[in-house]
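Residue numbers (the numbering used here): 1 to 286.
As structure tokens, then:
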């Protein structure tokens, strides 16, 4: 398995941490995690994607080992501009964006606003409309007591939240998302301002209109057991952006970690089609 390299980039006023599975000369692909997650959310699938792409995964602002926003600004529009700056300064141009949940909202916002930077888009289990039950499930998890006595207490909580994952897998993910306090207890790395997802992201329903401006190739991947993205909502989004919707069995919201092989089976044929497609030149602005 290819090991990732840890790296940091100064983007505007933030220091952003990212993982790089890169092979120079391969087409760039950038992975964006969901709210309260980290770049390591992609550890199970990134090495396979790195066989054909230069893969990077970003700790978005306020998450993992990246800087917190001093002003508490975690709106989708603001986060999408971080991604834009990262593509310009680190990647050096357009990339395929593979993005889960909050990351998917950021990626769709960027693809609509700055199409020249998005070679193609893979939206994972998110749309401008989500199911209240799934959002409430996530909200209850992230707003629970954020300081526990032991690391294993967090492992038990995370396993109860998503029993599809093995305890070993959860321990591996959480060691990148927790920190030990001076008093010996444990807490999350992410900015506590993110504990209210709706408040942090702002209103995303306006994205229904904005996604009409997305014209790059798009694939939508939905977890077959997701309580966040309904099949009919995925189909509506697919119709607006002319995308195929693929459903991964045995996966909930975090599709790529719940069923890595199923996720790769869904995404790899789409990525293969891109290698035979030349991106049309963007029109010059007057």
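The beta carbon of each residue, even a glycine, is placed where N, CA and C say it ideally should be.
None of the values given here were measured: they were computed from a predicted structure.
Cβ neighbours of residue i in the same chain (closer than 8 Å, five flanking residues each side left out)
| i | result |
| --- | --- |
| residue 155 | 167, 170, 171, 174 |
| residue 88 | 117 |
| residue 25 | 54 |
Collapsed DSSP secondary structure at residue i in the structure displayed
| i | result |
| --- | --- |
| residue 28 | strand |
| residue 232 | helix |
| residue 17 | strand |
| residue 165 | coil |
| residue 186 | strand |
| residue 152 | helix |
| residue 271 | helix |
| residue 85 | helix |
| residue 51 | coil |
| residue 220 | strand |
| residue 131 | coil |
| residue 58 | strand |
| residue 227 | coil |
| residue 99 | strand |
| residue 247 | strand |
| residue 90 | helix |
| residue 209 | helix |
| residue 258 | helix |
Same chain, Cβ closer than 7 Å to residue i, five either side skipped, listed in chain order
| i | result |
| --- | --- |
| residue 289 | With the chain covering only 1 through 286, there is no way to say anything about residue 289. |
| residue 185 | 147, 148, 149 |
| residue 84 | 110, 114, 117 |
| residue 216 | 111, 115, 118, 119, 120, 121 |
Cβ distance (whole Å) where residue i is taken to contact residue j below 8 Å
| i | j | result |
| --- | --- | --- |
| residue 54 | residue 94 | Contact flag wrong, Cβ pair sits at about 12 Å. |
| residue 124 | residue 108 | About 11 Å separates the two Cβ atoms, so there is no contact after all. |
| residue 92 | residue 32 | 18 Å between Cβ atoms; not a contact. |
| residue 259 | residue 248 | 5 Å |
| residue 218 | residue 234 | The pair is not a contact, with the Cβ atoms about 12 Å apart (cut-off 8 Å). |
| residue 214 | residue 112 | 5 Å |
| residue 287 | residue 178 | Outside the displayed range of the chain (1 to 286) lies residue 287, so it cannot be described from this structure. |
With 16 other Cβ atoms within 10 Å as the buried cut-off, status of residue i
| i | result |
| --- | --- |
| residue 79 | buried |
| residue 44 | buried |
| residue 254 | buried |
| residue 23 | exposed |
| residue 251 | buried |
| residue 99 | buried |
| residue 269 | exposed |
| residue 145 | exposed |
| residue 261 | exposed |
Chain-order list of residues whose beta-carbon lies under 6 Å from that of residue i (same chain, five-residue window excluded)
| i | result |
| --- | --- |
| residue 134 | 227, 228 |
| residue 96 | 29, 119, 120 |
| residue 287 | As displayed, the chain neither begins before 1 nor continues past 286, which places residue 287 out of reach and without an answer. |
| residue 15 | 8, 67 |
Residue i: CB within 8 Å of a non-hydrogen atom of the ligand FAD
| i | result |
| --- | --- |
| residue 13 | Ligands displayed in this structure: none; no statement on the ligand FAD is therefore possible. |
At least three beta-carbon pairs within less than 8 Å, the segment 109-127 to the segment 139-155: no
Stretch-stretch touch, CB-based, cutoff 8 Å, three pairs: the segment 45-65 with the segment 7-24: yes
Cβ contact check for the segment 30-49 and the segment 62-76: 3 or more pairs under 8 Å: yes
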